Ligand code: C2E
Ligand code: CA
Ligand code: CA
C-alpha cells in the first residue's frame, strides 16, 4: 500500500517525465526537420550548379558538332584554297583556338598558322584515330604547354585523315567551372581519365582532404563535371547552429502545451474518475458484533482500490484526496449502488445493519436522499441502512431537516470516529444521531493511556446519558472487548472479531461463525 505523498509524487514525476520527453522530441524533431529540408536544398543546389556547368560545356561543343560536316569537307583540299574559309570557321566558333586539317597523318593546314607539314602524331600522340575523340591534353604547336580540349573528327575509314579542333579550355574554364563556396569548393571537367580544374590545370585525379566528390555525365558528349563539396549533410549540419533558437522556442512551446494537457490526464483526480468508471474499487466489509449475544449484527462497508498502474492504494490515502477533489459524491454513490446489488450476501433481517461511510458534503442540499432513492431503495432492501458520518469535515452541511428526513426513511445516522474531530455537544443535541462510533484510538487507549481511557469513559457515559447506541471500533484484544462490555458497550468492531473481508466472502465467514 502507498501513502498519499508517494502517489501524488508519482503522478508529478510521470508528468515531468512526459514533459521532458516532449521537450527533447520537439527539440530533436525541429532540428531534424530543419536538417532534412536544408540537406535537400543543398543537394538540389549542388545538382543544379553541376547541371548548369554541363549545359554551358554542351553549348560550347554543339557548334563543333554542327560544323563537323563543313570542316570535314575541307580535308584533302589544298591549304592555299581553303585557308580563308578555315579561318572564318575558327573565328565563328569563337572558343576554338585553331582548326587543323590532317591528311595521311600529316597536319597540312592550320587555321592559325596556315600551311604546315607536321606529323599529327608528333603533336598529339593519340592521333590520328579511327574514332572521334574528345580529350584533355596540352598544346604542342601554338601556345606550347597550355591545356587544351581537342575534338578529333576522322574523315577516312583508316582514321589517317581528319579535322582537329583545339578549344582554349584555360580561357573558358572560369566561366564553366565556377566554384561556389560553401556549396562547391572546386569544380572540374572530367574527360576520359583526366580532370581539368581552373587553377590546377590538368590532373589525373581529384584530391581532397575533407570534401566529397559528386559527378554528373553529359547526356550529349563524353565528359562529366565533378565537384568537390563538403556535401549536403555537412553543410546542413553547419547550418544547424543558426536553427537552435527556433528549436528552443518549439521545445518550450510544446513542453508548455504538454504541461497543460497532462494537468488533467496525469493526475490523481483523473485516475480516481477512471477508477470509478472501470470499477477498480472493490467492496470490503467488516462485521460488527453484539458481544453479549456473540452474534454478528451488521457490517461496515469499506472501500479498497486496486489501481492497475500503481497497485493497492489505502482508503486513508485516496478518501481525503477524493473529498478535496469533489469526487466523494460519485464514489459514495458507487458504494451505495454496488452494495445494494449485493444485498443477498447479507442476512435478510430488518435488524441487520449495513453501515456505509458518507462524507458531510453529500448531505448538502439533500443530495444523499436524492441518491438513495434510485441507488438503494429501488433494490427494496430488507436490512437496516446506517450512514456513518465521518468527522473529517465540518458538519455544518448537515441540518436538522435532513436529520428528520433520514429518520422518516428509517435510515440510522452514526457519527464515525467520535471524539476525534469537529463534533460539539450542541451539535450532538441538534442531530440526535442514532449511533456513536467510538474511534479506535480510544479503544486502543484502554489499559495503556490514562488520559484517553478517561475520555473513553466520558464518551460512554455521554452516549448512555443521551440514549445513543454505542459501537466501539478497533477492538483488537479480549481485554478491550471485556472492558467495553463491562462499561455497557456491547456493539464491537475490530480485528479481534474479524478483519475487513471481501464482501463476497462474508456469507462463508458468517456461516462458519454461527456453526
Ligand atoms: P473508518 O470508517 O473509521 O473505518 C474503519 C477503519 O479501521 C478501516 O480502515 C478498518 O480496516 C480499520 N480497522 C477495523 N478494525 C480495526 C482494528 O481492530 N484495528 C485497527 N488498527 N484498524 C481497524 P480502512 O478500511 O483502511 O478505512 C480507512 C478509512 O477510510 C475509514 O475509516 C473511512 O473513514 C474511510 N473509508 C473507507 N471506505 C470508505 C467509503 O466507502 N466511503 C468513505 N467516505 N470513506 C471510506
Ligand atoms: Ca466508518
Ligand atoms: Ca471510524
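Residue numbers (my numbering): 90 to 604.
Backbone N, C-alpha and C define an ideal beta-carbon position, used for all residues, glycine too.
Computed from a prediction, not measured in an experiment: that's the story for all the values here.
Residue 382 lies in the alpha helix (DSSP H); which residues open and close that run?
Start at 1 with the first residue of the chain shown, and residue 382 comes out as number 293. Careful: residue 382 lies outside any alpha helix (DSSP H) and carries neither H nor E.
Endpoints, alpha helix (DSSP H) assigned at residue 417
Here residue 417 refers to the residue found at position 328 when the chain shown is read from its first residue. Start and end: 417-429.
With a 10 Å radius around its C-beta and 16 neighbouring C-beta atoms as the bar for buried, classify residue 351 as buried or exposed.
Within the chain shown, numbered from 1, the residue matching residue 351 stands at position 262. When all chains shown are included, residue 351 counts as buried.
Cutting at 8 angstroms between CB atoms, please list the residues of its own chain near residue 207, excluding the five before and the five after it.
One-based indexing of the chain shown puts residue 207 at position 118. Here the set comprises 195, 196 and 230.
Distance between residue 478 and residue 391 (C-alpha atoms, nearest Å):
Position 302 of the chain shown, counted from the start, is the residue given in the question as residue 391. Position 389 of the chain shown, counted from the start, is the residue given in the question as residue 478. So the two alpha carbons sit approximately 13 angstroms from each other.
Host beta strand (DSSP E) of residue 503 (start-end)
Counting from one through the chain shown, the residue named residue 503 turns up at place 414. Taken as a continuous stretch (DSSP letters only), the beta strand (DSSP E) holding residue 503 covers 501-507.
Taking only heavy atoms of ligand 2 into account, decide whether any of them is closer than 6 angstroms to the Cβ of residue 403.
By 1-based counting over the chain shown, the position of residue 403 is 314. Checking the Cβ of residue 403 against ligand 2 gives no.
Could you name the residues that DSSP lists as bridge partners for residue 475?
Residue mapping note: residue 475 aligns to position 386 of the chain shown, counting from 1. Paired residues: 444 and 501.
Within the stretch 280-337, note down every full alpha helix (DSSP H) run reaching 4 residues or more, in order along the chain.
321-329
Please report the distance separating the alpha-carbon of residue 428 from that of residue 372.
Counted from its first residue, the chain shown places residue 428 at position 339. Counted from its first residue, the chain shown places residue 372 at position 283. Using only the alpha carbons, I get a separation of about 8 angstroms.
Grab the span of the alpha helix (DSSP H) containing residue 529 for me, first residue to last.
Position 440 of the chain shown, counted from the first residue, corresponds to residue 529. Where residue 529 is concerned, the enclosing alpha helix (DSSP H) stretches over 529-534.
Under the criterion of a Cβ to heavy atom distance below 6 angstroms, does residue 562 qualify as lining ligand 3?
Along the chain shown, read from residue 1 onward, the residue named residue 562 stands at position 473. Because some heavy atom of ligand 3 lies under 6 angstroms away, the Cβ of residue 562 counts as near it: yes.
Smallest Cα separation from residue 256: which of 269, 247 and 241?
Within the chain shown, numbered from 1, the residue matching residue 256 stands at position 167. With distances taken between Cα atoms, residue 256 lies closest to 241.
Just to be sure I understand the criterion: a residue counts if its Cβ is closer than 5 angstroms to at least one heavy atom of ligand 2. Which residues meet that?
446, 477 and 505
Classify residue 336 as buried or exposed, calling it buried when 16 or more other Cβ atoms lie within 10 Å of its own Cβ.
Locating residue 336 in the chain shown gives position 247, where the first residue counts as 1. So residue 336 ends up on the buried side.
With a cut-off of 8 angstroms on the beta carbons, I'd call residue 468 and residue 432 a contact; round off their distance for me.
Here residue 468 corresponds to residue number 379 of the chain shown, with the count starting at 1. Here residue 432 corresponds to residue number 343 of the chain shown, with the count starting at 1. The pair is a contact, with the Cβ atoms about 6 angstroms apart (cut-off 8 angstroms).
Same chain, Cβ closer than 8 angstroms to residue 542, five either side skipped, listed in chain order
Residue numbering aside, residue 542 sits at position 453 when the chain shown is read from its first letter. Answer for residue 542: 531, 534, 535 and 536, listed in chain order.
Cβ distance (whole Å) where residue 134 is taken to contact residue 272 below 8 angstroms
Position 45 of the chain shown, counted from the first residue, corresponds to residue 134. Position 183 of the chain shown, counted from the first residue, corresponds to residue 272. Indeed they touch by this definition, with Cβ atoms about 5 angstroms apart.
Smallest Cα separation from residue 546: which of 417, 578 and 567?
Taking the first residue of the chain shown as position 1, residue 546 is located at position 457. Here the closest residue by C-alpha is 578.
Does the stretch 448-467 come close enough to the stretch 489-500 that 3 or more CB-CB pairs lie under 8 angstroms?
yes
Taking only three categories from DSSP, how would you classify residue 217?
Taking the chain shown and counting its residues from 1, the one referred to as residue 217 is at position 128. It is coil, neither helix nor strand.
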